[in-house]
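**Q**
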Amino acid sequence: MEPVTRLGAILAVVSLAFATAKHDNIVDSNTLRASIDEAELVGKAQTIEAFAYASPEENRFVGTSGLEDSMQYIWETLDDLDYYDLSRQWFEFDYLGERIKTYNIIAQTKGGDPDNVLHLGAHMDSTPDGPGMNDNASGGIGILEVAVQLANYTINNAVRFSWWSAEEEGLVGSEVYVDMLSKEERQKIRLYLNFDMIASPAHEFGVYTSDFTGTGIPQPPGVEEAEKLFQDYFEDVADVEWEPVALRASSDHWPFIMAEIPTGGLNAGHDPNYHTAGDTVANMNRSVFVKMTQAIAHAVATYADYQ
């Protein structure tokens, strides 16, 4: 065999082996959860906190450089992976007599069935009172780290991640997003999972409950299944006690509920530093942060691999 021909044959075999290995590297819960590392989560949290303190306002309130730098960091982290289709969804709204322009980040896997979408979201803005690390850099970082690790795998169903802006002003970003979805696009979202305050010092593992009693709103299909997924995970895999959390108009899950999109999620309970300058990395519960992010990874692996 001529040297060039032989080299070409070797490269072809290597290429085929790599493609086969990549194709066979289907995501699963055990490996995705194992990739969640405390140092990575805390490092990302410290980066976001630094953006807050570097801003004149020392927070990540909508319209500040603290929030803009945080969103740009998320964008660049995802863009480097070449695994997601990224978009910024710009919008404007009035708040306290001021016209504010901001945006959501939407990232969807390039692979997976686009007609069967698992959608995860968390808001990235804080109140003016502090850096907002538990509320809600924790949720934003949690889904970011899962998105980073997911890029090592192939999937059967598309996964969409969203980082919402202007939650603290009345769920503005998520409401804009849902309002702009067509009926057909809403139907492609098989489940929306929201993550708000997942590193609370309270050391709770809160699961959004499917009990809609007293809301006057019909329960969207699929809510009970999402609730059971997390309950079973905490009981059988993580071996921790979970607490029910009411699905009320308190976070970005609400616009999805109003649109009758199946919804679930996690919340780590009361934080004594809620909406204060004390909502810092130092006061985040790192153990809860890791366990909650591993639960997110479990949900992503379960639904992304579902056939």
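The sequence shown lines up with residues -21 to -1, 1 to 286 when you count with mature numbering (1 follows the signal peptide of the UniProt record, and there is no 0). Using N, Cα and C, we set each Cβ at its ideal position, and we do this for glycine too. No experiment lies behind these values; they were computed from the predicted model shown.
1. Spell out a yes or no on whether the stretch 19 to 37 and the stretch 146 to 153 are touching, meaning 3 or more CB-CB pairs, one atom from each, closer than 8 Å.
2. Name the DSSP beta bridge partners of A101, please?
3. CA-CA distance, N9 and E220?
4. For G121, tell me which candidate among N83, S66, F268, A283 has the shortest Cα-Cα distance.
5. Which residue comes first and which comes last in the alpha helix (DSSP H) that contains A238?
6. Pull up the distance between the alpha-carbon of G91 and that of A137, whole angstroms please.
7. Compute the distance between the beta-carbons of A276 and Q128, then report whether it is under 8 Å.
8. Could you check whether the stretch 159 to 179 touches the stretch 241 to 255, counting it as contact only if at least three pairs of C-beta atoms, one from each stretch, sit closer than 8 Å?
9. Label P241 either buried or exposed according to how many other C-beta atoms from any shown protein chain fall within 10 Å of its C-beta, with 16 as the threshold for buried.
10. Identify, in the order they occur along the chain, each residue of the same chain with its Cβ nearer than 7 Å to the Cβ of A283, setting aside the five sequence neighbours on each side.
11. DSSP three-state label for G201, please.
12. When you compare only the Cα positions, how much space is there between Y62 and T56?
13. Are the beta-carbon atoms of F174 and S105 separated by less than 8 Å?
14. Would you kindly work out how many angstroms separate the C-alpha atoms of L123 and T272, rounded to a whole number?
15. Start and end of the alpha helix (DSSP H) containing F30?
16. Just reading off the beta strand (DSSP E) that L170 is part of, what are its end residues?
17. Quick one: what does DSSP say Q286 is sitting in, helix, strand or coil?
18. Compare the C-alpha of P93 against each of M263, K167, R227, E17 and name the closest.
19. Give me the residue from D190, M50, G118, E206 with the minimum Cα distance to R67.
20. Give the DSSP-derived three-state secondary structure of G149 in the structure shown.
21. Use the C-beta contact count for K23: other C-beta atoms within 10 angstroms, 16 or more gives buried, fewer gives exposed.
22. Tell me S66's beta-bridge partners as DSSP assigns them.
23. In the DSSP assignment, find the unbroken beta strand (DSSP E) run with Y187 in it and report its ends.
24. Cutting at 6 Å between CB atoms, please list the residues of its own chain near Y74, excluding the five before and the five after it.
25. Just to confirm before moving on: does the CB-CB distance between G109 and T81 stay below 8 Å?
26. Are the beta-carbon atoms belonging to Y151 and A238 less than 8 Å from one another?
27. Mapping the DSSP letters down to three states, classify Y132 as helix, strand or coil.
28. Flag this pair as yes or no: are the beta carbons of Y253 and L226 separated by less than 8 Å?
29. Helix, strand or coil for I79? Go by DSSP, reduced to three states.
30. So G100 packs on S161, CB below 8 Å; how close in whole Å?
31. What three-state label does DSSP hand Y156 in the structure shown?
32. I need the straight-line Cα distance from A18 to I27, nearest angstrom please.
33. With E222 as the anchor, note down where its beta strand (DSSP E) starts and where it stops.
**A** Let me spell this out:
1. Judged by pairs of C-beta atoms under 8 Å, the stretch 19 to 37 does not touch the stretch 146 to 153, as fewer than three such pairs exist.
2. Start at 1 with the first residue of the sequence shown, and residue 101 comes out as number 122. Answer by DSSP bridge pairing, in chain order: W142.
3. Along the sequence shown, read from residue 1 onward, the residue named residue 9 stands at position 30. Along the sequence shown, read from residue 1 onward, the residue named residue 220 stands at position 241. Approximately 20 Å between the Cα atoms of the pair.
4. On the sequence shown, position 142 is the one that residue 121 refers to. Nearest C-alpha to G121: F268.
5. As a first step, residue 238 is located in the sequence shown; it is residue number 259 there, counting from the start. Taken as a continuous stretch (DSSP letters only), A238 belongs to no alpha helix (DSSP H), as it is neither H nor E.
6. Position 112 of the sequence shown, counted from the first residue, corresponds to residue 91. Position 158 of the sequence shown, counted from the first residue, corresponds to residue 137. Computed Cα separation, rounded: 4 Å.
7. Sequence index remark: in the sequence shown, residue 276 carries index 297 (1-based). Sequence index remark: in the sequence shown, residue 128 carries index 149 (1-based). Their beta carbons are under 8 Å apart, which means A276 touches Q128 by this criterion.
8. The stretch 159 to 179 is in contact with the stretch 241 to 255.
9. By one-based count along the sequence shown, residue 241 stands at place 262. Buried: at least 16 other Cβ atoms inside 10 Å.
10. Within the sequence shown, the letter at position 304 stands for residue 283. If we look at A283 and ignore the five residues flanking it on each side, its Cβ neighbours are V6, G91, L97, I134, N135, N136, V138.
11. Start at 1 with the first residue of the sequence shown, and residue 201 comes out as number 222. In the structure shown, G201 sits in coil (DSSP, three-state: anything other than H, G, I, E or B).
12. Counting from 1 along the sequence shown, the entry for residue 62 is found at position 83. Counting from 1 along the sequence shown, the entry for residue 56 is found at position 77. So the alpha carbons of these two residues sit roughly 11 Å apart.
13. Counting from one through the sequence shown, the residue named residue 174 turns up at place 195. Counting from one through the sequence shown, the residue named residue 105 turns up at place 126. For the 8 Å CB-CB criterion, F174 and S105 do not form a contact.
14. Counting from 1 along the sequence shown, the entry for residue 123 is found at position 144. Counting from 1 along the sequence shown, the entry for residue 272 is found at position 293. Their backbone Cα atoms lie some 10 Å apart in a straight line.
15. Here residue 30 corresponds to residue number 51 of the sequence shown, with the count starting at 1. From DSSP, the alpha helix (DSSP H) with F30 extends over 17 to 33.
16. Locating residue 170 in the sequence shown gives position 191, counting from the first residue. Segment 168 to 174, the beta strand (DSSP E) holding L170.
17. Position 307 of the sequence shown, counting from 1, holds the residue named residue 286. Three-state DSSP puts Q286 in coil, outside helix and strand.
18. Residue 93 sits at position 114 when you count from the first residue of the sequence shown. Ranked by how close their Cα comes to the Cα of P93, the residues M263, K167, R227, E17 have K167 in first place.
19. Walking along the sequence shown from the start, residue 67 turns up at place 88. Of D190, M50, G118, E206, the residue nearest in Cα terms is M50.
20. As a working note, residue 149 is residue 170 in the sequence shown. In the structure shown, G149 falls within a coil segment according to DSSP collapsed to helix, strand and coil.
21. For the purposes of this step, residue 23 is taken as the residue at position 44 of the sequence shown. Buried, by the Cβ-count rule.
22. If you number the sequence shown from 1, residue 66 lands on position 87. DSSP lists I85 as the beta-bridge partner residues of S66.
23. In the sequence shown, residue 187 corresponds to position 208, counting from 1. Per DSSP, Y187 is one residue of the beta strand (DSSP E) stretching across 185 to 187.
24. Residue numbering aside, residue 74 sits at position 95 when the sequence shown is read from its first letter. Counting only Cβ-Cβ distances below 6 Å, and skipping sequence neighbours, we find E148.
25. On the sequence shown, residue 109 is found 130 positions in, with the first residue counted as 1. On the sequence shown, residue 81 is found 102 positions in, with the first residue counted as 1. At least 8 Å separates the beta-carbon of G109 from that of T81.
26. Sequence index remark: in the sequence shown, residue 151 carries index 172 (1-based). Sequence index remark: in the sequence shown, residue 238 carries index 259 (1-based). For the record, residue 151 in the displayed sequence is Val; it is not Tyr. No, the pair does not count as a contact, with Cβ atoms beyond the cut-off.
27. Counting from 1 along the sequence shown, the entry for residue 132 is found at position 153. Here Y132 sits in coil by DSSP.
28. By one-based count along the sequence shown, residue 253 stands at place 274. By one-based count along the sequence shown, residue 226 stands at place 247. For Y253 and L226, no; Cβs fall outside 8 Å.
29. Here residue 79 refers to the residue found at position 100 of the sequence shown. Assigned with DSSP and collapsed to three states, I79 falls in strand.
30. Counted from its first residue, the sequence shown places residue 100 at position 121. Counted from its first residue, the sequence shown places residue 161 at position 182. Not confirmed; about 19 Å, so no contact.
31. Numbered from 1 along the sequence shown, position 177 holds the residue referred to as residue 156. Note: Y156 maps to helix in three-state DSSP.
32. Here the question's residue 18 lines up with position 39 in the sequence shown. Here the question's residue 27 lines up with position 48 in the sequence shown. Within the model, the alpha-carbon separation for A18 versus I27 is close to 14 Å.
33. Here the question's residue 222 lines up with position 243 in the sequence shown. E222 -> beta strand (DSSP E) spans 222 to 224.
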